[in-house]
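Residue numbers (full-length UniProt numbering): 1 to 362.
The beta carbon of each residue, even a glycine, is placed where N, CA and C say it ideally should be.
To start, the structure itself, in structure tokens.
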Amino acid sequence: MAGNSFGQLFKITTFGESHGVAIGVIVDGCPSNIQVDLEFIQQELDKRKPGQSKITTQRKESDTVQILSGVFEGKTTGTPIAMLIPNEDQKSKDYDHNKDTFRPSHADFTYQSKYGIRDHRGGGRSSARETAARVAAGALAKLFLQQKGIDVVAHVSSVGFIDAPKAEVLDVAKFVTQRESNIVRCADAATAQEMIHLIDTVRKEGDTIGGKVTCFIKNCPVGLGEPVFDKLHADLGKAMLSINAVHGFDYGSGFDGSTMRGSQHNDIFLNDENGKVITRTNYSGGIQGGISNGMDIDFRVAFKPVATIMTNQETVNAAGEAAEIKGKGRHDPCVVPRAVAIVEAMAALVIADHLLRNEVYH
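Right under this line is the structure:
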């Protein structure tokens, strides 16, 4: 199986399965002398871990990370960093019913067809459990970015048809405090309560629902991104679309920009009070020609409803015969509250990689 690595210079390779002994990640290319705040890394993992609240899966995992290499006396050494996260609460028997039956909209059929074998316990490698390894690596990338004054912050901006007011991040710490004040991780408290009620209602009905996460990259310098195939927004798009359950990505004005005229959409250049070149508007989302322009980068990530639902569905089995299946075990009714940390992690990995590429190639 290829495709387990991401990044060019700040490169990660994840490993492990949902119901295996552990999952983990190798980070290769992290610069030396980065202060490793293990408490910060664990806090990032805690935002993604299961069993947080009534609106997330009740699988109980501490997601306690172990750093096996690449760190000495609290600092990175520039050598590969290995991080391990043991699995503690597997209930593989919950998946016995789909050993030979394909769950609708899961990876069961495609994995079986491509590889001729699959780990039916929680989806194995296709499980979103793998994303914990990404969050651990992304936390390292965040620590690197913090040294450069760059912040990556996201929140749940919609659940179903419930949309939060458009957010603006003037104070990152305040924004995070507002987001973490509720279990759905929406920075608008009133909207958060509506979202929570909807998710809980859907959960009680045995169903699931989708939503969106909006992410902001603050203080990104001018010049990140490579023209043509490695445009910054293209790499961000690939990063987000690689996350389980993601079905859409847009940045800046996004799809709404297609309804506007050029005279409305163009971001006019001007000098601020410090003589810095900025734009009056930011429909470009901080990226022009595939290269960051110094304005805040903003993008949105759309997540589909979780495929496992607690009602009967028609399907087929491995022999191609008609069958019926119903979800069992512990599953999220909506992934977006836990996905905030994953989106931030993948964005941080992209920016860290492009920062290093700028230093090496330019």
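Check	Outcome
Whole-angstrom C-beta distance between residue 130 and residue 23, which should lie under 8 Å	6 Å
Span of the alpha helix (DSSP H), counted from its first residue to its last, around residue 138	131-147
3 or more residues per run - each beta strand (DSSP E) lying fully within the segment 216-242	none
Option in 3, 56 and 11 with minimal Cα separation from residue 204	56
Buried versus exposed call for residue 216 [16 or more other C-beta atoms within 10 Å across all chains shown]	buried
Classification of residue 182 by the beta-carbon crowding that lies within 10 angstroms, buried from 16 upward	buried
Contact under 8 Å by Cβ, residue 9 with residue 138	no
Residue 281 burial status per 10 Å Cβ neighbour count (16 or more: buried)	exposed
7 Å Cβ shell around residue 241 - same chain, five flanking residues per side excluded	249
Test item: CB-CB of residue 234 and residue 290 under 8 Å	yes
N-terminal and C-terminal residue of the alpha helix (DSSP H) that residue 46 is part of	38-48
Under 8 Å between C-beta atoms of residue 323 and residue 316	yes
Under the three-state DSSP convention, the category residue 255 falls into	helix
Among 292, 334 and 107, the one whose alpha carbon lies nearest that of residue 305	334
Which listed residue (172, 187, 171 and 170) has its alpha carbon closest to that of residue 178	187
contact_flag[the segment 103-123, the segment 139-147] where n(CB pairs < 8 Å) is 3 or more	no
Cβ shell of residue 82 (< 6 Å), same chain only, five flanking positions each side left out	26, 68 and 69
Run of the alpha helix (DSSP H) containing residue 199, from where it starts to where it stops	189-204
Under the three-state DSSP convention, the category residue 295 falls into	coil
Close Cβ partners of residue 302 (< 6 Å) along its chain, the five nearest in sequence each way excluded	212, 247 and 248
Inside the segment 270-352 only - beta strand (DSSP E) runs reaching at least 3 residues	277-279, 297-303, 313-316 and 322-325
Three-state secondary structure (DSSP) of residue 249	strand
Buried or exposed by the 16-neighbour rule on C-beta atoms within 10 Å, applied to residue 270	exposed
Per-residue DSSP class, three states only, for residue 211	strand
For residue 265, the first and last residue of its enclosing alpha helix (DSSP H)	262-265
Which listed residue (44, 72 and 46) has its alpha carbon closest to that of residue 33	72
Proximity below 8 Å, CB of residue 173 to CB of residue 214	no
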